[in-house]
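Report on the following structure.
2 protein chains.
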Amino acid sequence: MRKPAFRQVFSLLIAMAVILNLTTIVAADEGMWPLSEIPKLNLQEKGLRIDPSLIYDPAKRSLLYAVVQIGATGSFISEEGLIITNHHVAFGSVQAVSTPERDYLKNGFLAKSRAEEIPAPGRTARITESFQDVSAEVLSVAKKNMSYVDRTRAIEKKIKKIVAEAEKANPGKRAEVAEMFPGKTYWLFLYTVLRDIRLVYVPPLAIGNFGGEEDNWMWPRHTGDFALMRAYVGPDGSPAEYNEKNVPFKPKTYLKINPLGTEKGDFVFLLGYPGRTYRHLPASYIAYEQNIRMPAVADWYEWQIKLMEEMSQTSREVALKHDSRIKGLANTMKNYRGKLAGLKRLNYLEQKRQEERALQEFIQADPKRQAAYDQVLARLDKIYDDMGSEFPRIFILDNLRRSVTPLQIALTVVEASIERQKPDLERNAAYMDRNFNRLKQRIGLTLSSSFYLPTDMAIFKELMKRSLALDENQRIKELNRLVMPDKNLDDWLVEFFNSTKMADPEFVKSLWDKKPDEIKKIEDPMIKLALALYPEYKKIEETNRARKGQLDELQAKLVDVRQEFLGQQFIPDANGTLRLTYGRVEGYEPRDAVYYKPFTTVQGIVEKTTGQEPFNTPAALLQLINQRKFGRYVNPSLDQVSVCLLYSTDTTGGNSGSPIINARGELVGVNFDRAWEATINDFTWNHRFSRSIGVDIRYVLWILKEFAGANNILEEIGIK
Amino acid sequence: MRKPAFRQVFSLLIAMAVILNLTTIVAADEGMWPLSEIPKLNLQEKGLRIDPSLIYDPAKRSLLYAVVQIGATGSFISEEGLIITNHHVAFGSVQAVSTPERDYLKNGFLAKSRAEEIPAPGRTARITESFQDVSAEVLSVAKKNMSYVDRTRAIEKKIKKIVAEAEKANPGKRAEVAEMFPGKTYWLFLYTVLRDIRLVYVPPLAIGNFGGEEDNWMWPRHTGDFALMRAYVGPDGSPAEYNEKNVPFKPKTYLKINPLGTEKGDFVFLLGYPGRTYRHLPASYIAYEQNIRMPAVADWYEWQIKLMEEMSQTSREVALKHDSRIKGLANTMKNYRGKLAGLKRLNYLEQKRQEERALQEFIQADPKRQAAYDQVLARLDKIYDDMGSEFPRIFILDNLRRSVTPLQIALTVVEASIERQKPDLERNAAYMDRNFNRLKQRIGLTLSSSFYLPTDMAIFKELMKRSLALDENQRIKELNRLVMPDKNLDDWLVEFFNSTKMADPEFVKSLWDKKPDEIKKIEDPMIKLALALYPEYKKIEETNRARKGQLDELQAKLVDVRQEFLGQQFIPDANGTLRLTYGRVEGYEPRDAVYYKPFTTVQGIVEKTTGQEPFNTPAALLQLINQRKFGRYVNPSLDQVSVCLLYSTDTTGGNSGSPIINARGELVGVNFDRAWEATINDFTWNHRFSRSIGVDIRYVLWILKEFAGANNILEEIGIK
């Protein structure tokens, strides 16, 4: 089996490749760049071989228009609106249309024709059409002598107005104002929102989620984390809800696929919608996250996961209801644990504190700076300290609303009855006419796809117990006074949850247009509880509004003085808007004496396969591997089909599904994760550890061709 | 901190090194070679740069005489009898001389002068002086018509006679006959046994056992697993028990140290005393190990470890008593788990079975072969099947004797009273005059250093319960009938253990020369139990003797026919006698996309350090690393002191402490472990996975110089 002669030649080739790399080395840098920054990046010097304007130029059919926000990110790969994204991005939709009889989640799904494509309920795809700086306009309403609450309210209202005007001026488009630097810079984005999205191809769970939670955030990885969907529009070409008569959407541009994939050392870039990063926040924020919030949330999610796994023993139907919920909780839990390990590994809090000590000296060294910034850090510290002390109580209230579906619905009904009485622009955003339908739809979907009463009851009980364990003045009295002293808690819970109609979709539907007085008359114990708790949530909302007013002011100042101190311009933290990041295909050393290579192979699938979930590779796939039916999709340097790859881009949650694009602007893979050591990206980027993980386009094409027999799709995307 | 220019040059150097390696590649092969095989190995073609006769030539002061068996292996590194071995080999001795007040185990120990060296109670060091084939003589007593029991007995007796004659002819030497191929080849070894061994230098536990059980059997490794001892002899130069007037032993030869260490790709070889391998045994043996014995033992050891860890909470004194016991159990447990994973990874049982199916066809293809070998595999299968069915009961009896010290002592006392009545040559080996003192000494040492009554009581209770859970006809009735039906089990246990004097060293001493009748009169419940159980153990002994007679015959035949079938000559399995193994310094790929480099660095110690055991690096060491006080011991290709290294030799337990010797016959490290994927070595060797782990001589010297300030030692070994 060993081929020494071949191996020698091969080693020689590798050695030469290493030498060649020295002359063509490309840099990887920190940065989730707003597209307007592209001209400053000198991407061609770093390895790009096309004109950067082909990526972003509002006047051209540039690559920008091939990228969609679809939960996370996706991209068009045909002129007929075919979208490639991750299996885990499509997961919720696949779950929603699966039943024990038609278990697409487990078995996968292929539409052999357009007619067989399945509508993905509630799924939308947004395309960024344009953006412009509206900071001056937004900040014009913030007056010096305003209270912080009033300042926040004024800005909120102004933003709503800008949005309303923009949507009026651009019929059919959706407008959003994004905070780029909070308190400092605001951009108005215009989106096209496609509302009829259908499933085209989903691999079986054992491919699309191979390795499951065990491998999540980990390298080496062997997950075929991709799925195909298609966007449809009305016969006139404009966005529309699902309708049989709809036609495939024709994107302005789409990505060409390079079936040869990419190689170690290659320049690559991603476009996508990274969610949130926190790189400009102070050390006290890191301390709050590291010492208080993240450990508590990780433990609580672990508790919930165990609960749901137990409940899931009941039946496959019940398990299906929990799948998506568990996946979400586990993902966050492991991400937080990774971040906590990373913060410790880099001793990041201490680094931040050292920087801030030096920054404070810099501030005090100059009277003008002192006047402007002296108390900035101290006031930020105070805010995060306060948040730390309030945390245990807020945490319970927050999770009551987030994780107990009937209570969530009752609170939404109560809030809707109040908010919907106000003029549209004065409502909380979710209750504005433009968003309210979406909210109702989401609640309906939760009830039909992931709600399971015994689970929510157990969560409710646990939160009640945790409230009782708080200091007496912190307890949520409205919650704990509910239980009759003469009743056993479990008996009471069953009665309480059985007598609410908040899990009855038809009844809930009948409440959306009720007025506050009508709501108060409803004899439903969950509504009564929601009415009792609602003032608590309003209080928190007001506290947050006041705090945001302060934070906006302080963070804006912190960014200003840090830029002056460090002598560099910052780019805004990720905020869910379209960004570009670049790097190269490269492995890394997670720890002393260990090197992670940048490509895994199908042989690794065989090695990991145990037959048990999540390592239960379909027999047909094992056979294809063992028979080496690799065709044109073999990675020549590995003599195997490569499955996943590593590259040094700067990504975070929301970049899932981002296209991995080569120097010539061609699709070579689909981003879906970061390495364990890169979970810390949200706080700081580090070239040694920050690696993103994608699925190799050769594996995608090989699965479509040899495993799924999806010739219709291959033909559509121009692959023979 | 990053130096791109330097890195580029460095990568270029590495790339060139890779190319150069192609022309100087050295092979690594399976094999723990008896030294008589060295001339056949063409070691100079494989990279050795000295005359092979310098390793082994009875007529010369060859390297052979620098190697000692000292628990596992050690080697002389000065003309004054200084021995280097592993920390974990010296562990038991360090534990035995440690107290909470003088905790050498925790804090380490350095003798600044000969006078400060501490005698290691019970420790001996053996030097192989010569060996010769005595197969014909041994097998001459095995007659055709003998029963299997008689055959085994006859061979046992003949061996004892050969040994007695050899010791008579070579006064002062110890003789042993080793089974090379069971039932086929027997060699007579002559040893010099040094009996006054003293501790010279032991690093603190946090260096010598850094990573503890967590890192055991693992790469990457950062353990300074070395210790220094010295052998003393009487003033006349002959072996003697400890005496103040003894003088350092002058070895025939010792290893010169190369302070520059070794590099990737270098040829290295080890000399040592590997314990046991099982490469020539049939598939049915692998099935027995994989499906029955190893899983049961691993689970049982895990249970014991948990128990001992709980008990150790009591005090540091109690913890010290358990340290060595836990270390031994954990080591075996993890080794078995590694083997089980490895057997699965390689699908080894199925491979073996396939080979045997082909072998059986080969046997049946020829009438002469058929006549000689037809039933060999079937009869072997039957034996291992029988062992599998008997296992649960034997396991309990075996562990009663092995893990419950007072019962172990009582059984030994009972057996001694019977065996010591027989003529010396007819006794079980342990009770022969030449061994009996050693046995008594070992029991005394167990009582003083590792016995803790509550632990043994809990183990006894658990084994009683397990006996009760057996099928009724399998139960150990002598055990379970002990408990009075009117007593609570725990109360009974306390009374039972409190009324035995088997843990009183003085009382035990008074029993060694008692006759069977005297023993029967002793009013001690543990002696009563031992007397009741003793016939059970005798029965097992006789069964084993009959089985060994059969196995010897069958295994010898299996080796013969497999050699014919495969067309190759085998070398005997490891059996605790001196062997050579060679390979080269090289990393490996434990799994897809992961490469383990062959050297770890002190920077890795910093990364692993948590401050908590077993990652609690001494502050002084961290400081030396952070200040880069590396002196001449830096590994130039890493710009760090390297700590441990990997190489592709063929090793097993007993090779611990083996010198890692370079192509010029110089010491460049000390072997102490195998990688997780190499635990399978005991069954089969595999170039992809079989890597041994050693501590780099540069780390040893750096610790001695900078951390321990052991200038007296460095001077003695000629290092400035």
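Heads up: the protein sequence lines correspond to chains A and B, in order.
Counting from 0, one number per residue, gives the positions in the first sequence under numbering that gives the first Met the number 0.
Counting from 0, one number per residue, gives the positions in the second sequence under numbering that gives the first Met the number 0.
No residue lacks a Cβ here, since even glycine has one placed at the ideal position from N, Cα and C.
query                                                                                                                               : result
Which of helix, strand or coil DSSP assigns to A:Glu116                                                                             : coil
Through-space distance from A:Leu379 to A:Tyr284, alpha-carbon basis                                                                : 8 Å
Among B:Val133, B:Phe188, B:Asn85, the one whose alpha carbon lies nearest that of B:Arg125                                         : B:Phe188
For A:Glu115, the nearest candidate out of A:Asn711, A:Gly717, A:Lys719, A:Ile718 (CA to CA)                                        : A:Asn711
Whole-Å CB distance - A:Glu665 paired with A:Leu81, under 8 Å assumed                                                               : About 16 Å separates the two Cβ atoms, so there is no contact after all.
Three-way DSSP call (helix, strand, coil) for B:Glu78 in this model                                                                 : coil
Neighbour flag for A:Glu213 against chain B, beta carbons, 7 Å                                                                      : no
Inter-residue Cα distance where the pair is B:Arg465 and A:Leu339                                                                   : 44 Å
Whole-angstrom distance between A:Thr678 and A:Trp701, CA atom to CA atom                                                           : 30 Å
Residues of the segment 586-600 of chain A with Cβ closer than 9 Å to any Cβ of chain B, in chain order                             : Gly586, Glu588, Arg590, Asp591, Ala592, Val593, Tyr594, Tyr595, Lys596, Pro597, Phe598, Thr599, Thr600
Rounded straight-line distance, which links the Cα of A:Tyr347 to that of A:Asp365                                                  : 28 Å
A:Met179 to A:Phe569 span [Cα, whole Å]                                                                                             : 11 Å
Interface partners of A:Pro33 on chain B, CB under 7 Å                                                                              : Result: empty, since nearest Cβ-Cβ is about 26 Å, beyond 7 Å.
Boundaries (first-last residue) of the alpha helix (DSSP H) holding A:Gln676                                                        : First, the amino acid is wrong: residue 676 of chain A is Glu here, not Gln. Looking at the DSSP string, A:Glu676 is not in any alpha helix (DSSP H), and its letter there is neither H nor E.
CA nearest to the CA of B:Arg194, picked from B:Val162, B:Tyr231, B:Lys305                                                          : B:Tyr231
Closer than 7 Å to chain B by CB, A:Pro202                                                                                          : no
Proximal residues to A:Val192 (C-beta, below 7 Å), its chain only, five neighbours per side dropped                                 : Thr123, Arg125, Arg173, Pro238
Enclosing alpha helix (DSSP H) for A:Asn215 [first to last residue]                                                                 : Note, A:Asn215: premise wrong, no alpha helix (DSSP H); not H, not E.
Whole beta strand (DSSP E) elements within the segment 83-132 of chain A, 3-residue minimum                                         : 124-132
Reduced DSSP category for B:Ser641 - H, G, I as helix; E, B as strand; rest coil                                                    : strand
Against chain B: residues of the segment 213-246 of chain A by CB proximity under 8 Å                                               : Trp218, Pro219, His221
Beta-carbon gap between B:Val493 and B:Thr261 smaller than 7 Å                                                                      : no
Amino acids of chain A, ordered along the chain, whose beta-carbon sits closer than 9 Å to that of B:Gly603                         : Arg590, Asp591, Ala592
Coarse secondary structure for A:Leu21, derived from DSSP in three states                                                           : At A:Leu21, the pLDDT of 36 sits below 50, so the modelled position is not reliable; the number obtained from the coordinates is stated separately. A:Leu21 falls in the helix class under three-state DSSP.
Between the CA atoms of B:Asn245 and B:Val699 - distance to the nearest angstrom                                                    : 28 Å
Proximity test, Cβ basis, 7 Å: A:Trp701 and chain B                                                                                 : no
Contacts around A:Gly548, its chain only, beta-carbon distance under 7 Å, and the 5 residues preceding and following it disregarded : Tyr147, Val148, Arg150, Thr151
Interface residues of chain B facing A:Glu349 [CB-CB closer than 9 Å]                                                               : In chain order: nothing, as chain B lies at least about 15 Å away.
The segment 610-622 of chain A / the segment 298-306 of chain A touching (three or more Cβ pairs under 8 Å)                         : no
Nearest to B:Leu557 (by Cα), restricted to the options B:Gln374, B:Ser314, B:Tyr632                                                 : B:Gln374
Buried or exposed (CB count within 10 angstroms, at least 16 for buried), B:Asp384                                                  : exposed
Contact set for B:Gly91: own chain, Cβ-Cβ below 7 Å, skip 5 residues either direction                                               : Ser323
CB contact flag (B:Gly582, B:Tyr646, <7 Å)                                                                                          : yes
CB contact flag (A:Leu198, A:Ile117, <7 Å)                                                                                          : yes
Beta strand (DSSP E) segment containing A:Val140, residue limits                                                                    : No beta strand (DSSP E) holds A:Val140; DSSP gives it neither H nor E.
Neighbour list for A:Glu606 in chain B, Cβ cutoff strictly below 8 Å                                                                : Arg344, Arg590, Asp591
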